[in-house]
Amino acid sequence: MRDLTQGPIANHLLGMAAFIGISLVFQTMYFIVDLYFVSRLGSAAVAGVSASGNVFFLALAASQLISIGAMATVSQAVGKKDASEANLYSDQAISMSLLFGAVMLALGYAFGGAGVDALTADAASAAAGRAYLFAFLPQLALMFPVAAMTSALRGAGVTMPTMVLQTATILLNVALAPVLIAGWGTGVPLGTAGAGWASSISAALGTIALIF
Numbered sequence: 106m107r108d109l110t111q112g113p114i115a116n117h118l119l120g121m122a123a124f125i126g127i128s129l130v131f132q133t134m135y136f137i138v139d140l141y142f143v144s145r146l147g148s149a150a151v152a153g154v155s156a157s158g159n160v161f162f163l164a165l166a167a168s169q170l171i172s173i174g175a176m177a178t179v180s181q182a183v184g185k186k187d188a189s190e191a192n193l194y195s196d197q198a199i200s201m202s203l204l205f206g207a208v209m210l211a212l213g214y215a216f217g218g219a220g221v222d223a224l225t226a227d228a229a230s231a232a233a234g235r236a237y238l239f240a241f242l243p244q245l246a247l248m249f250p251v252a253a254m255t256s257a258l259r260g261a262g263v264t265m266p267t268m269v270l271q272t273a274t275i276l277l278n279v280a281l282a283p284v285l286i287a288g289w290g291t292g293v294p295l296g297t298a299g300a301g302w303a304s305s306i307s308a309a310l311g312t313i314a315l316i317f
């Protein structure tokens with residue numbers, strides 16, 4: 106824990122705000138990176154991935170329900186210097202996030218395809234969007250526990266490690282995207298599905314690193 110009751114208040118506020126803002130930017134970078142590399146596949150692929158991106162922003166908004174609650178309750182417990190209460194709130198947030206992630210995964214695979222079909226104008230775009238979404242859904246599910254864990258750490262005044270880790274996962278996504286989308290080095294291009302798997306794999310490795 107970091108004692109934010111010591112030192113200049115303005116410095117603490119600016120430091121926390123900067124790290125939180127940068128972290129939110131990095132969360133949206135997963136989708137932006139995917140869209141950048143998918144643009145090489147043609148207009149149908151871009152249209153399909155863009156349509157699937159609506160699910161990403163819905164998941165991002167939903168994850169903030171847990172994120173804000175975790176940060177508020179943990180920070181209050183830390184302010185009272187009650188480590189056991191802070192751990193309790195953190196554990197509760199993580200448990201809820203796992204439930205939310207599982208629901209997101211189930212709903213996405215059950216209804217995501219129909220949603221993409223409704224938002225796209227032709228069969229090629231719909232097929233590209235479905236391929237991307239079904240590979241991208243694990244990343245969306247992991248967004249919830251990651252939001253819970255990083256927010257609990259922010260509530261305790263710890264921001265730098267989470268920002269560094271998120272930066273590393275984005276760089277990994279950038280490295281994996283051309284390999285999986287275009288088949289660089291493997292000769293096995295996966296198209297829009299490769300974009301989704303690049304994000305899901307990097308998010309999974311980032312989550313494991315965050316846990317340990």
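Residue 161 in the numbering used here sits at position 56 of the sequence shown, with consecutive numbering throughout. All residues carry an ideal CB built from backbone N, CA and C; glycine is no exception.
What would DSSP say about residue i, mapped onto helix, strand or coil?
i: residue 302; result: helix
i: residue 151; result: helix
i: residue 113; result: coil
i: residue 241; result: helix
i: residue 293; result: coil
i: residue 139; result: helix
i: residue 288; result: coil
i: residue 317; result: coil
Which value, in whole angstroms, describes the spacing of the CA atoms of residue i and residue j?
i: residue 296; j: residue 146; result: 7 Å
i: residue 194; j: residue 181; result: 10 Å
i: residue 165; j: residue 155; result: 15 Å
i: residue 158; j: residue 271; result: 20 Å
i: residue 191; j: residue 169; result: 19 Å
i: residue 250; j: residue 289; result: 32 Å
i: residue 217; j: residue 162; result: 14 Å
i: residue 188; j: residue 274; result: 30 Å
i: residue 293; j: residue 287; result: 7 Å
i: residue 141; j: residue 114; result: 40 Å
i: residue 231; j: residue 300; result: 15 Å
i: residue 242; j: residue 184; result: 36 Å
i: residue 139; j: residue 186; result: 42 Å
i: residue 118; j: residue 260; result: 12 Å
i: residue 196; j: residue 133; result: 26 Å
i: residue 304; j: residue 246; result: 12 Å
i: residue 265; j: residue 200; result: 24 Å
i: residue 306; j: residue 276; result: 12 Å
i: residue 236; j: residue 229; result: 11 Å
Contact the segment 195-215 vs the segment 281-295: 3+ CB pairs below 8 Å: no
Segment contact, 8 Å Cβ cut-off, at least three pairs: the segment 126-146 with the segment 207-225: no
Minimum length 4: unbroken alpha helix (DSSP H) runs contained in the segment 213-273: 228-260
Inside the segment 153-217 only - alpha helix (DSSP H) runs reaching at least 4 residues: none
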